[in-house]
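For the sequence shown, position 114 (counting from the first letter as 1) is numbered 113 according to numbering that gives the first Met the number 0, and the numbering increases by one without interruption. Heads up, the thing below is written out as structure tokens.
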Amino acid sequence: MARRATFIKQVRGSAENVLALDSGNVLVGVHGLSEQTQGEVIIDALNLMGYTAITLGANDLRLGPTVLRERMAQAEFPIVSANITIAETGKLFADPYAIVEIAGHRLGIIGFTEPVGQLPAVTGESESFTIQEPLEFGLPYLQAALQEADIVIVLSHLGQALDEALAKQVAGLDVIIAGRDGMVLNPARYDSTGPVIAQAGTQGQLVGQLELALDARGQVVAFGGKPVLLTDAYAYDPEMLALLDRYRP
């Protein structure tokens, strides 16, 4: 986290219109303190780094609806998911997407989680989660985001096969920030009209840097970037170290 904070500060110091995004499973299991604080320290860290939006992975749902609602209230950024529902009501657990304005363009950021069906209720909870099929349940929300936004970015914790299916079946997507598989993928398109897909490994060891050039209509006309390994070339950010220290026993 402390090296990531340094990297993000450096990027923001040298470029405008910077987004910070995460494709899920960031709240638990990444850092020892995340388990102890039920993700509270992670949200504080993401707030400090000025994150734009994140989605949820199935591991995050182990916190249960009550704690996750607390984390969503704590976050200074949207936590989006278009296919996680409360099993008992069928209602979406989170907003399916968020609209962010940057450089005069409206960005739609939508989240998807791997469809594993209904999860067992967390001890003491009266509600449980169901993760729906993204290409069926989530399609209306994708279409709504495409209508409202100039650019649509998918935060995907689906895995490579479903990412590719999404790219092929839904016209108009611009970017898929992939997760779940732990793969390292340089930004690339599978065909000339499809979205740019990128992935930066797992456990926060790398940060994916994706650069987009847009025309006046918000169309992606060029892209570049690469996964960046957070080596000791990036010093520990003192603000982040101080934040983490506040949570240590």
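For every residue, glycine included, the Cβ atom is placed at its ideal position computed from N, Cα and C. Since this is a predicted model, take the numbers as computed values, not measurements.
Whole angstroms are fine: how far does the CA of residue j sit from the CA of residue i?
{"i": "Asn-24", "j": "Asp-173", "result": "23 Å"}
{"i": "Thr-192", "j": "Ile-176", "result": "17 Å"}
{"i": "Ile-98", "j": "Tyr-140", "result": "12 Å"}
{"i": "Pro-95", "j": "Gln-208", "result": "24 Å"}
{"i": "Ala-148", "j": "Pro-248", "result": "45 Å"}
{"i": "Gly-107", "j": "Thr-54", "result": "13 Å"}
{"i": "Ala-197", "j": "Ala-166", "result": "12 Å"}
{"i": "Glu-39", "j": "Gly-63", "result": "14 Å"}
{"i": "Ala-170", "j": "Pro-186", "result": "19 Å"}
{"i": "Thr-129", "j": "Ser-22", "result": "18 Å"}
{"i": "Ala-221", "j": "Leu-205", "result": "23 Å"}
{"i": "Val-249", "j": "Asp-59", "result": "For residue 249 there is no data in the structure shown, the boundaries of the chain being 0 and 248."}
{"i": "Ala-212", "j": "Glu-15", "result": "12 Å"}
{"i": "Asp-162", "j": "Pro-194", "result": "10 Å"}
{"i": "Gln-131", "j": "Asp-231", "result": "41 Å"}
{"i": "Phe-76", "j": "Leu-18", "result": "11 Å"}
{"i": "Ile-7", "j": "Ala-144", "result": "27 Å"}
{"i": "Leu-242", "j": "Gln-168", "result": "43 Å"}
{"i": "Glu-126", "j": "Ala-74", "result": "22 Å"}
Return the Cβ separation of residue i and residue j in integer angstroms, given the expectation that the two are a contact with Cβ distance under 8 Å.
{"i": "Glu-113", "j": "Arg-179", "result": "6 Å"}
{"i": "Ala-93", "j": "Val-115", "result": "About 17 Å separates the two Cβ atoms, so there is no contact after all."}
{"i": "Thr-51", "j": "Leu-20", "result": "6 Å"}
{"i": "Pro-226", "j": "Gly-200", "result": "6 Å"}
{"i": "Met-48", "j": "Arg-3", "result": "7 Å"}
{"i": "Thr-5", "j": "Asp-236", "result": "5 Å"}
{"i": "Ile-42", "j": "Arg-61", "result": "Their Cβ separation, rounded to whole angstroms, is 16 Å, which puts Ile-42 and Arg-61 out of contact at 8 Å."}
Could you please give the first and the last residue of the uninterrupted beta strand (DSSP E) stretch that includes residue i?
{"i": "Gly-63", "result": "It is not in any beta strand (DSSP E) - Gly-63 instead sits in the alpha helix (DSSP H) that spans 63-73."}
{"i": "Asn-46", "result": "Premise fails: Asn-46 lies in the alpha helix (DSSP H), 39-47, not in any beta strand (DSSP E)."}
{"i": "Ala-199", "result": "195-199"}
{"i": "Gln-208", "result": "205-213"}
{"i": "Leu-228", "result": "219-228"}
{"i": "Ala-143", "result": "Ala-143 -> not in any beta strand (DSSP E); alpha helix (DSSP H) instead, spanning 138-147."}
Pick from the options: whose alpha carbon is nearest that of residue i?
{"i": "Asp-244", "options": "Thr-65, Ile-109, Ala-44", "result": "Ala-44"}
{"i": "Ile-150", "options": "Ile-109, Thr-54, Leu-157", "result": "Ile-109"}
{"i": "Ala-160", "options": "Leu-134, Ala-19, Gly-123", "result": "Leu-134"}
{"i": "Gly-217", "options": "Tyr-233, Ile-130, Ala-102, Leu-240", "result": "Ala-102"}
{"i": "Asp-190", "options": "Gly-56, Glu-210, Ala-164", "result": "Ala-164"}
{"i": "Gly-158", "options": "Ala-57, Ile-85, Gln-9", "result": "Ala-57"}
{"i": "Thr-65", "options": "Gly-12, Glu-124, Val-10, Arg-105", "result": "Glu-124"}
Which stretch, first to last residue, makes up the alpha helix (DSSP H) that contains residue i?
{"i": "Ser-13", "result": "1-13"}
{"i": "Gly-31", "result": "31-35"}
{"i": "Arg-245", "result": "237-246"}
{"i": "Ala-166", "result": "159-168"}
Problem - Sequence ranges, beta strand (DSSP E) only - wholly within the region 83-108, length at least 3 - result: 83-85, 96-101
Handout entry: In chain order, each beta strand (DSSP E) run of at least 3 residues that lies wholly inside the region 171-196
Key = 174-177, 183-188
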